[in-house]
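Heads up, the thing below is written out as structure tokens.
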Amino acid sequence: MKSLDTPLLKDGVFYVGVKDWNRRLFDALIPLPQGTTYNAYLIKGTEKTALIDTVNPGFEAELESKINNVSSVNQIDYIIMNHAEPDHAGAIPYLLTKNDKAKLVCTKIGAKTAQTYFKVPEERILIVKDNDTLELGNKTLKFIEAPMLHWPETIFTYLVQEKILFTCDFFGLHTAYGLYDEEVAELSIFAQRYFGEIMMPFRGYGLRAIDKIENIEIEMIAPSHGPIHKNPTKILDCYSKWTRGETQQKVIVVYVSMWKSTENMVNQIVEVLLQKGVQVSLHNLVNADLGDIAKDLVDSSAIVFGTPTVLFKMHPLATYAAHLVKVLKPPMKYGVVLTSYGWSKGALAHANEVLGPTGLEVVGAMEVLGPPTESDLEKVRVIGEELADKVKQNYAAK
Ligand code: FEO
266 MKSLDTPLLK
276 DGVFYVGVKD
286 WNRRLFDALI
296 PLPQGTTYNA
306 YLIKGTEKTA
316 LIDTVNPGFE
326 AELESKINNV
336 SSVNQIDYII
346 MNHAEPDHAG
356 AIPYLLTKND
366 KAKLVCTKIG
376 AKTAQTYFKV
386 PEERILIVKD
396 NDTLELGNKT
406 LKFIEAPMLH
416 WPETIFTYLV
426 QEKILFTCDF
436 FGLHTAYGLY
446 DEEVAELSIF
456 AQRYFGEIMM
466 PFRGYGLRAI
476 DKIENIEIEM
486 IAPSHGPIHK
496 NPTKILDCYS
506 KWTRGETQQK
516 VIVVYVSMWK
526 STENMVNQIV
536 EVLLQKGVQV
546 SLHNLVNADL
556 GDIAKDLVDS
566 SAIVFGTPTV
576 LFKMHPLATY
586 AAHLVKVLKP
596 PMKYGVVLTS
606 YGWSKGALAH
616 ANEVLGPTGL
626 EVVGAMEVLG
636 PPTESDLEKV
646 RVIGEELADK
656 VKQNYAAK
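Here it is, written out as structure tokens:
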């Protein structure tokens, strides 16, 4: 049986996920200009039926209706929890109430999380570990532990016969458009944005996961956000670059300005970088999109950070951005800090305090009283030239 609402992906494998067109913010932080999806997959074997992941709270009835197009909630034997975050696991309590036989399949850490978040009784949980398999009759599920992608309990599930890898957050992207990768415009841009927002702090774990799946034959990657990758090579190539921290001859410039003093310095350095043939991605924090900044952090070799002083500290928008740069752990090597003040210094010391732990090599740092003089701007130009040289040499050395 095939339903338009419940597309058949491969023999016995159905898409039962939902689209959330109207969601505009994730984690009360990340902008979602095109909404997102919560993908779930129903796998019907000759003997058993498994559901891979569920949906965000509020979409339980839609999930159930999609399952009912091709099966029924009562027919599910296993609910595979690849990841416990509620956007994927939020419908587990609903399903376990409607179906009193299904087991929740997860890792040992996942079991604790499921008990904490969803009050799943111990007797309803089946714990699996790396390389364990689960037989559905004519289909076999194999589990691959993939910690920190995106929480400690995360696993991938591989459907052996159909060669589909279900990866939950990993290889995902936030857009509600399209079922398959080929239907999504700017796929790699949205994927990069998502990687920067969600996966960049866990690049090392991502590398290890990619190593683990290297020898698996994959015909389709089915994440739990965004389109299904029918052509897995494209997203695998992107993730290979991004997890390795491969950067471009590119500088991200993130700044805020009150009376144009900081802005004038920023504009000078941008001009120099462009003249020297370095790509620049400029973000004024007053109206910047956090997802765009995250995207550009993924492949920039350096950052120029500009802020005025407000009450002895960085401007609050710059404080927020500096904190994000620190915790997202981008692979860039070089930094420049351009600050200004009116009646008391403070922004530069504050920037050093917040950004110091990133280990960036500081190519230049300035703290200018009032509007920059021609001499100040000349110093900015010199810093810009040095930064451009370093970025280009670093790129050429790869
Ligand atoms: Fe899509 Fe980490 O949840």
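In the numbering used here, the protein residues as written are 266 to 663.
Beta carbons: idealized from backbone N, C-alpha and C, even for Gly.
Sheet register partners of residue i (DSSP bridge)
i    : result
L603 : G571, M631
E410 : I420
L391 : V370
T405 : E400
F431 : T422, A487
Y445 : I493
P596 : Per DSSP, none; premise fails for P596.
E626 : Y599
I295 : F291
N659 : Bridge partners of N659: none, in fact.
Y303 : V283
N549 : Y520
Alpha-carbon spacing of residue i relative to residue j, whole angstroms
i    : j    : result
T604 : Y660 : 27 Å
L401 : G277 : 11 Å
K560 : H348 : 24 Å
Y442 : L576 : 45 Å
I409 : L430 : 10 Å
D285 : D318 : 16 Å
E650 : M631 : 15 Å
N480 : K428 : 12 Å
A662 : E618 : 31 Å
P497 : K610 : 52 Å
T206 : I332 : What is shown of the chain runs 266 to 663, which leaves residue 206 out entirely.
M266 : E325 : Only weak support exists for where M266 lies, its pLDDT of 41 falling under 50; the value from the coordinates is given anyway. If you take the alpha carbons of M266 and E325, they lie about 22 Å apart.
A315 : Q658 : 52 Å
D270 : N334 : 8 Å
S565 : W507 : 11 Å
P488 : F455 : 14 Å
H353 : V531 : 42 Å
D476 : F467 : 14 Å
A587 : A616 : 7 Å
D557 : Y599 : 20 Å
T512 : L625 : 14 Å
G469 : A379 : 26 Å
P358 : G375 : 15 Å
K407 : I478 : 12 Å
K525 : Q514 : 27 Å
F460 : V590 : 14 Å
E536 : D292 : 36 Å
T432 : N529 : 46 Å
Residue i, DSSP secondary structure in three states
i    : result
Q544 : strand
K313 : coil
K275 : strand
K578 : strand
D564 : helix
V283 : strand
N364 : coil
T440 : coil
K267 : Its pLDDT being 45, under 50, K267 is placed unreliably in this model, and the coordinates cannot settle the point.
T378 : helix
T638 : coil
N617 : helix
E479 : coil
A713 : Since the displayed the chain opens at 266 and closes at 663, residue 713 lies outside it and no answer follows.
D557 : helix
H415 : coil
E451 : coil
V385 : coil
G611 : coil
CB contact below 8 Å: residue i versus chain C
i    : result
A653 : Considering every chain present, this structure includes no chain C. It has just one protein chain.
Cβ-heavy atom distance, residue i to ligand 3, below 7 Å
i    : result
I341 : Judged by which ligands are present, ligand 3 is missing from the structure shown, whose ligands are ligand 1.
Quick one, what's near ligand 1 if you take every residue whose CB is closer than 5 Å to any heavy atom, in chain order? Per the Cβ criterion, the list is E350, D352, H415, D434.
Complete alpha helix (DSSP H) runs within the segment 483 to 523 (minimum length 4 residues, chain order): 497 to 509
Considering only residues of the segment 305 to 353, which uninterrupted beta strand (DSSP E) runs meet the minimum length of 3 residues and lie entirely inside it, listed in chain order? DSSP runs (the beta strand (DSSP E)) wholly in the segment 305 to 353: 306 to 309, 314 to 317, 343 to 345.
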